[in-house]
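So the structure is just underneath, and the comments pick up after that.
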Amino acid sequence: MSRMWQLIIILALLICYHVNAEDPYRFFTWNITYADIYPLGVRQQGILINGQFPGPDIYAVTNDNIIVNVYNNLPEPFLLSWNGVQQRKNSFEDGVYGTTCPIPPGKNFTYVMQMKDQIGSFYYFPSLAFHKAAGGFGGIRILSRPRIPVPFPEPHGDFTLLIGDWYKTNHNVLKSILDQGKMLAFPDGILINGRGNNSAWFTVEPGKTYRLRISNVGLRDSLNFRIQGHEMKLVEVEGTHTVQTTVSSLDVHVGQSCSVLVTADQPAQDYYIAVSTRFTDQVLTTTAVLHYSNSRKPVSGPPPPGPTTDIQWSLNQARSIRTNLTASGPRPNPQGSYHYGQINVSRTIRLANLPGIVNGKQRYAVNGVSFVHADTPLKLADYYNISGVFRVGSISDYPPRGRGIRLDTSVMGADYRAFVEIVFENRENITQSWHLDGYSFFVVGMDGGSWTPSSRKQYNLVDAISRSTTQVYPKSWTAIYVALDNVGMWNLRSEYWARQYLGQQFYLRVYTPVRSFRDEYAIPQNALLCGRADGKRS
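Take the sequence shown: its letters are residues -21 to -1, 1 to 517, numbered as in mature numbering (1 follows the signal peptide of the UniProt record, and there is no 0).
Here's what the structure looks like:
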């Protein structure tokens, strides 16, 4: 296809989307390929984007229209999802199989998105099969519009740091192990921007302050981040400016993103950036290098030690992360003008994660239901009124009394504009992490033990952090408030990727009976159709 025809097709898509002509467009063309990579010193098959591992960053400004033309050169279907980007009124572009047909081998698909009323640090990743264990991820940074003040001076530089646990084993082998109903072994190492020990360097000028955007893109483990000899100031979490807290180390749980400011105010030499697993019997640590441009000495000595393994330290840090109510958000009105604590909750949903054996194989469940994919993306079945693909209410609002689990394509119904309380109950001895596509939510409380209605007495109803991914500590609970103001079919999942793959996820159908462009965009003209939706057009 010629370049001219590509531009004509993209222009037609923009017209169909009714995007705001006043907001800028940013165009990306990405080629997805396999290639040999050596992140831990051994050759393995990786997923590259335009020949890069990790993939290129997406740079954007609030309300920018993002056009990403993805060519799938893999021998199997492929999808990209956008972790934390809210896809306002547009779950068709979410990039998970419940909403979007995969891109067939040798074909392309153009994602059309708007960074509507968003700022902050996020990332993208491949959502199908077990591709995430092979790469294909990259950073997303959304800057504030020039007229919107930011609550700190503009940094001298802005770095993306993608941290995560990693396996040397081919991702297809890992997938096969899970398909057999077995669990994966402990990871082999940790990567920083796709590299192992001391392979990633970040050069800074003495006396200057830098913004580090940290995302845990790994498969399972919470990670602790620290810089030798330097303190960090936490300033943003997944699109929310935080009360600026100075820390020497920071826990970043799987699926989470945040920004810290670091000033190069130490003697001129190189310093370790250290990342370690948290709450694991075997502690994995990897390092990168913070390199002063006038450095007179390489890194030396041991990397800085991590914090205590006591859960309470991490819990206290998590509770200290609060919204900066004096800062402006992506819109001119202050974030603090949204008094979420004064809104009546219309529904309480309690979600418990459980392991179990089904048909002799290991599975994982939410409220007793282990998710299985249907033959058709749920959003397409909903849009075209195709019966028999899923059933609203196939997962309940409360955990079952017993511990048995069953297989189903679990979909929970919810009313548009409802204001709900969701309590994540972790009854296991692992740290869980949960993500809700299409939304940010207020993390109002977390604690050890079992949640009861009296637990609400300790909720933060004033300045709780608003984010899209939250951790739940072992034998503990976390409560969130969420305003269901984004119509669509949205994935709620464990970010512990093997558990997500084996069923620890479901879809939240935020529904209004009146189909209106005001509430939800029409299906994209270029939407891929598959399964029982194949051949249908609006």
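Every residue gets a Cβ at the ideal spot worked out from N, C-alpha and C, and that includes glycine.
Beta-carbon proximity check, residue i vs residue j, cutoff 8 Å
i	j	result
Q291	S274	no
A253	P283	yes
D387	S366	no
V329	V422	The displayed chain sequence assigns Arg, not Val, to residue 329. No, the Cβ-Cβ distance between R329 and V422 is not below 8 Å.
Y343	Q245	no
V278	Y319	no
V368	R511	yes
P81	L58	yes
L191	L107	no
F32	G99	no
S389	V348	yes
T410	S201	yes
N470	D394	no
L170	P18	yes
I45	P105	no
M92	I121	no
K454	N505	no
residue 521	L240	Since the first residue of the chain shown is -21 and the last is 517, residue 521 is not available in this structure.
P309	S194	no
S412	S473	yes
F258	V231	no
F116	V64	no
S299	T224	yes
Run of the alpha helix (DSSP H) containing residue i, from where it starts to where it stops
i	result
D167	Unbroken run through D167: none, as it is neither H nor E.
V152	H150 to D158
N323	First-last for N323: undefined, no H or E at that position.
R301	Counting along the chain, R301 falls outside any alpha helix (DSSP H), and DSSP gives it neither H nor E.
Y480	W476 to Y480
L122	L122 -> not in any alpha helix (DSSP H); beta strand (DSSP E) instead, spanning G117 to L122.
L357	L357 to Y362
Beta bridge counterpart(s) of residue i as assigned by DSSP
i	result
D260	None; D260 has no bridge partner.
F420	R446
D387	F350
H220	E215
Q23	I16
R190	D137 and L240
F204	L229 and V254
S9	At residue 9 the sequence reads Trp, which differs from the Ser that was named. V49.
H270	T182 and D249
W145	G168
Residue i classed as buried or exposed, judged by whether at least 16 other C-beta atoms fall within 10 angstroms
i	result
W430	buried
D513	exposed
G197	buried
A14	exposed
P311	Note that P311 has pLDDT 47, beneath the 50 cutoff, so the model's placement of it is unreliable and no number is given.
M162	exposed
K68	buried
Q314	Residue placement at Q314 is flagged as unreliable, the pLDDT there being 44, under the threshold of 50; the coordinate-derived value follows with that caveat. Under this definition Q314 is a buried residue.
V351	exposed
V493	exposed
K111	buried
F71	buried
D144	buried
I428	According to the sequence displayed, residue 428 carries Gly and not Ile. That one is exposed.
M(-18)	Low local confidence applies: a pLDDT of 44 at M(-18) is under 50, so the model's placement there is unreliable, with the coordinate-based value given in what follows. By the neighbour-count rule (16 or more Cβ atoms within 10 Å), M(-18) is not buried but exposed.
P378	buried
S255	buried
S433	exposed
V21	exposed
F420	buried
S60	buried
Residue i at chain B interface by Cβ criterion, 8 Å
i	result
P246	As a matter of chain content, chain B is missing from the structure shown, which is built from one protein chain.
Extent of the continuous beta strand (DSSP E) run through residue i
i	result
K340	K340 to V345
L90	Here the sequence assigns Tyr to residue 90, which means Leu is not the residue at that position. Y90 -> beta strand (DSSP E) spans N87 to Q93.
A39	I37 to V40
A462	S455 to A462
L471	G467 to S473
F184	First, the amino acid is wrong: residue 184 is Glu here, not Phe. Neither: E184 is in no beta strand (DSSP E) and is coded neither H nor E.
H414	Q411 to L415
E400	F398 to N405
R488	Q484 to Y490
F104	G99 to P105
At least three beta-carbon pairs within less than 8 Å, the stretch 134 to 143 to the stretch 211 to 223
no
Between the stretch 438 to 454 and the stretch 229 to 242, do three or more beta carbon pairs fall short of 8 Å?
yes
Should the stretch 174 to 182 be regarded as contacting the stretch 44 to 60, the criterion being three or more beta carbon pairs within less than 8 Å?
no
Please confirm if the stretch 69 to 79 is in contact with the stretch 356 to 366, defined as three or more CB-CB distances below 8 Å between the two stretches.
yes
Is there contact here, the stretch 461 to 468 with the stretch 486 to 501, by at least three beta-carbon pairs under 8 Å?
yes
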